[in-house]
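Input: a single structure, listed below in structure tokens.
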Amino acid sequence: MGIPVSSKVPFSGLEVIPRSHFIAEALHLKKSEIEAYWVKKGGLFRLPSYFLIKEATAFAQAGSVDAFEAIFMLLIYGLALFPNIDGFVDVNTIRTFLIGNLIPTLLGDMYFSLHLRNSKGGGTIVCCSPLLYKWFIPHLPQTPAFIIDCYGEFSNVPLIGTQGGINYNPALARCQLGFPLRDKPNNMLLQGLFYQEGKYPQHLKQKIAHAWHNVHRKGRFELGPCNCVALEAYTLWVKKRAMELKMPYPCERPVSMVVVEPLTLPN
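Right, here's the structure in full:
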């Protein structure tokens, strides 16, 4: 995707429930305050958003910038980026907030929602598009030195979101990242992975989480010099793929470059 990812292992859902004093320390609150509002709802522990808004407002009025920004950021995580039950910020969001590597989780949730709604033939995509765009732009590198190609034993990039898991295939995004596409992708690189939370093969989530400790990167040495070109073999594969999947847009022929003769003015 061309987006820098922290070296920290992202959210997997396998983390222990954070203790109240860790949450309190991160939010500049008292341990007793967290415990008083820590409730279980819908199978997950949560903090009510009205409590967090009240505390953030109090810190803002007192001029406590660090405390206000910490709680305000958690509210953005819980109410805009990873919403679940209205009026609450759940423990998975708090885990993601404490880990400090939200990009893979955010991508996982977005791809999961797109795939699920596409398979069901419609519905609302859970994604705050304008905010997602605004959040991504500052993270885009000006001159990417490498891309993440795959993790561990996987042939592509598995992602774990708050609602389930899915993967994406960097082999299809190389043009966007400034590297050429010379041939059709290897089918091994395009193997799909998708599961809903609570409905996955045994040990799959552990395998994905373990793979995040072994990131395989590729740069110009492996991929060649920067050149956003898709050669004919890849273009033909895309057209064939579009016809097989009955994509709702025509495969237009590439536009040839027209050489304009120099204009000669009369004497």
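So in the working numbering, spot 232 of the sequence shown is number 899, and the numbers just go up one at a time. We put the beta carbon where it would ideally sit given N, CA and C, even for glycine. All values derive from a computational prediction rather than experimental measurement.
Within the region 683-766, the complete beta strand (DSSP E) runs of at least 3 residues fall at 706-708, 711-715, 755-757.
In this structure, DSSP gives residue 867 a state outside helix and strand, which the three-state scheme calls coil.
Secondary structure remark: continuous alpha helix (DSSP H) runs of at least 4 residues inside the region 814-840: none found. Residue 908 and residue 763 have their C-alpha atoms spaced approximately 36 angstroms apart.
Residues 752, 755 of the same chain have their beta carbon placed closer than 7 angstroms to that of residue 708, with the five preceding and five following residues left out of the count.
Taking 7 angstroms as the cut-off, the Cβ atoms of residue 688 and residue 734 do not count as close. In the DSSP assignment, residue 888 is bridged to no other residue.
Judged by beta-carbon spacing, residue 833 lies beyond the 7 angstroms limit of residue 839, meaning their Cβ atoms are not closer than that value.
With the rule of 3 Cβ pairs closer than 8 angstroms, the region 842-851 counts as touching the region 883-893.
A distance of 7 angstroms or more separates the beta carbons of residue 678 and residue 814. In this structure, DSSP gives residue 781 a helical state, which the three-state scheme calls helix.
Annotation for residue 897: no alpha helix (DSSP H) segment contains it, and DSSP assigns it neither H nor E. Taking residue 710 as reference, the option from 866, 686, 757, 720 with the minimal CA-CA separation is 757. DSSP, read as helix, strand or coil, puts residue 676 in coil.
Residue 878 and residue 860 have their C-alpha atoms some 14 angstroms from each other. Under DSSP, no beta-bridge partner is assigned to residue 877. Taking C-beta atoms as the reference points, residue 725 and residue 739 fail to come closer than 7 angstroms. DSSP places residue 769 outside both helix and strand once states are collapsed to three, so it counts as coil. According to DSSP, residue 848 shares a beta bridge with 897. Around the beta carbon of residue 868, fewer than 16 other beta carbons sit within 10 angstroms, so the residue counts as exposed. Here the alpha carbon of residue 741 sits roughly 44 angstroms from the alpha carbon of residue 902.
Going by beta carbons, residue 842 and residue 897 fall inside the 7 angstroms limit.
For residue 729, the number of other beta carbons within 10 angstroms of its own is below 16, and it is reported as exposed. Within the same chain, and ignoring the five residues on either side of residue 855 in sequence, the residues whose Cβ sits closer than 6 angstroms to its Cβ are 822.
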